[in-house]
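Remarks on the structure that follows.
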Amino acid sequence: MLNEIHQEPTGQVALYETEDRYQSLLTEMFGQRFTDYRQRWRETSERGRPGDFPLSLDLAINSGCQLRCLMCPLQSRADGGQVRLMDEKLFSRLIDQAREHRLPAMTLGLASEPLLNPRAAEWTAAAVRAGVMDIRLGTNGLALKETVIKALVDSGLTRLEISVDAVRPETYQDIRGGRLDILEKRIEQFLKIRASAGQRTPLLRLSFLKLPRNQGELEPFLERWSGLADLISIQEPIWFPGSGLPKPPGPVKSIAPNCSQPWQRLAVNYDGSVWPCCSWYGEALLPFQAGEISLAEIWRSQEMDELRRSLSSTDGHFPPACEPCEC
Ligand code: SF4
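Rendered as structure tokens:
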């Protein structure tokens, strides 16, 4: 039986768990600090005061991906497969700020496949040492070889999030251009290695994005994985320019009136450019480079205030980049 534990205000992502693993485990690990963080997250979901520093930092520790998924704009970008690593000095600068401001949460894997950075586990461990509580790594899972899994299990990562989206190999090949049998072996090996290390973390989240191509596969996906994964995420597709999905007919239902991301997170791309959210639509919304200005200054900047103000406007005049944004 799946219990819903989180629903994005936009309705785009619903997160389920088979038992109370996420909240109870992280509360056990971090006590009141974690409870306070989740309380602040709820307040900022309602666009309460954003505070002095984001609650979450989303990082592209590299660019590129080895797959060409239908729903991802990388599939049409000439440099979509090119892997360029975030500069180590920039990463250290971000980690120093995370430590100084007691950052609660971090995600590795913005707009890219983070396991293409050979230092992903090492950098996760640096975030743990800096005091970040909840660290997620979102991946297609195909690079999860034994040594990588062991390093991630040892790193202190709290959540490993793998996109699956299919139960039939042909469906997976059509949607993601990869091999499902390899991915399934990687997931099973991860579960064995985590168990033999005697650890409950990283919690495993598997996701299923509902697409016309995988119709009829959600139920078998849940049967296959809900007893093994700690968390299951069921997502609605979002159309981005350059993706391989057809543009939905009719007017876009922009999530701008409900978007709370600029109250909760900042994202930094591998090249230091800063986004106010984790959506591709937000990639050009801010003029900042994280190597030149602190995250705290960005968070309190006129540009972020202006973005929050216009997202809260009652006259429906949202920033043009946010108008088509469904996520
Ligand atoms: S592009 Fe705008 S509406 Fe979309 S997530 Fe980013 S800030 Fe929110």
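In our numbering, the protein residues as written are 3 to 329. In this text, a Cβ means the ideal position worked out from N, Cα and C, and glycines have one as well.
At a cut-off of 3 residues, the continuous stretches assigned as beta strand (DSSP E) that sit fully inside the region 146-216 are 161-165 and 205-211. Fewer than three pairs of CB atoms, one per stretch, sit closer than 8 Å, so the region 93-104 makes no contact with the region 148-162. Distances from the alpha-carbon of residue 282 to those of 70, 316, 156 and 323 put 323 closest. Assigned with DSSP and collapsed to three states, residue 271 falls in coil, not helix or strand. Distances from the alpha-carbon of residue 209 to those of 238, 90 and 134 put 238 closest. In this structure, 204 is the residue among 222, 172 and 204 with its C-alpha nearest to the C-alpha of residue 23. Judged by the Cβ position, residue 284 qualifies as a neighbour of the ligand SF4 at the 7 Å threshold, a heavy atom of the ligand being closer than this.
Of the other Cβ atoms in all chains shown, fewer than 16 fall within 10 Å of the Cβ of residue 286; this residue is therefore exposed.
At a cut-off of 7 Å, the beta-carbon of residue 296 does not count as near the ligand SF4: no heavy atom of the ligand is closer than that.
The region 263-277 and the region 110-126 touch, with three or more beta-carbon pairs separated by less than 8 Å. Counting along the chain, residue 31 sits inside the alpha helix (DSSP H) bounded by residues 24-32. Shown here for residue 72: same chain residues with a beta carbon closer than 8 Å to its own, the five before and five after excluded, namely 176, 177, 178, 213, 215, 245, 246 and 247 in chain order. Annotation note: the region 54-114 contains the following uninterrupted beta strand (DSSP E) runs of length 3 or greater, listed N- to C-terminal: 58-61 and 107-110. Separation of residue 298 and residue 56 (C-alpha to C-alpha, rounded to the nearest whole angstrom) is 8 Å.
Taken atom to atom, the span from the alpha-carbon of residue 173 to that of residue 143 is near 17 Å. By the neighbour-count criterion, in which 16 or more other beta carbons inside 10 Å mark a residue as buried, residue 103 falls on the buried side.
When beta bridges are read from the DSSP output, residue 235 appears opposite 17 and 209.
Following the DSSP letters along the chain, one finds residue 300 inside the alpha helix (DSSP H) bounded by residues 297-301. In this structure, residue 256 sits near residue 326, with a CB-CB distance shorter than 8 Å. One Cα belongs to residue 58, the other to residue 45, and the distance between them is close to 14 Å. By the 16-neighbour rule on beta-carbons within 10 angstroms, residue 50 is exposed. In the assembly as shown, residue 37 is an exposed residue. Its beta-carbon has fewer than 16 other beta-carbons within 10 Å.
Taking C-alpha positions only, residue 302 is separated from residue 309 by approximately 11 Å. Taken from the Cβ of residue 278, at least one heavy atom of the ligand SF4 lies inside 7 Å. Look at residue 323: its beta carbon is less than 7 Å from one of the heavy atoms in the ligand SF4. Distance between residue 69 and residue 83, taken at the CA atoms: about 8 Å. In the structure shown, residue 284 falls within a helical segment according to DSSP collapsed to helix, strand and coil.
Note on residue 229: under 16 other CB atoms within 10 angstroms of its CB, so exposed under the neighbour-count rule. Take residue 243, set aside five residues on each side of it, and the residues of its chain with a beta-carbon closer than 7 Å to its own are 75, in chain order.
In the structure shown, the three-state DSSP call for residue 139 is strand. By the CB criterion at 8 Å, residue 117 and residue 141 fall inside the cutoff. The three-state reading of DSSP puts residue 277 in strand, counting E and B together. The beta-carbon separation of residue 158 and residue 126, rounded to 7 Å, stays under the 8 Å limit for a contact. Placement of the Cβ of residue 107 at a distance of 7 Å or more from every heavy atom of the ligand SF4 is found.
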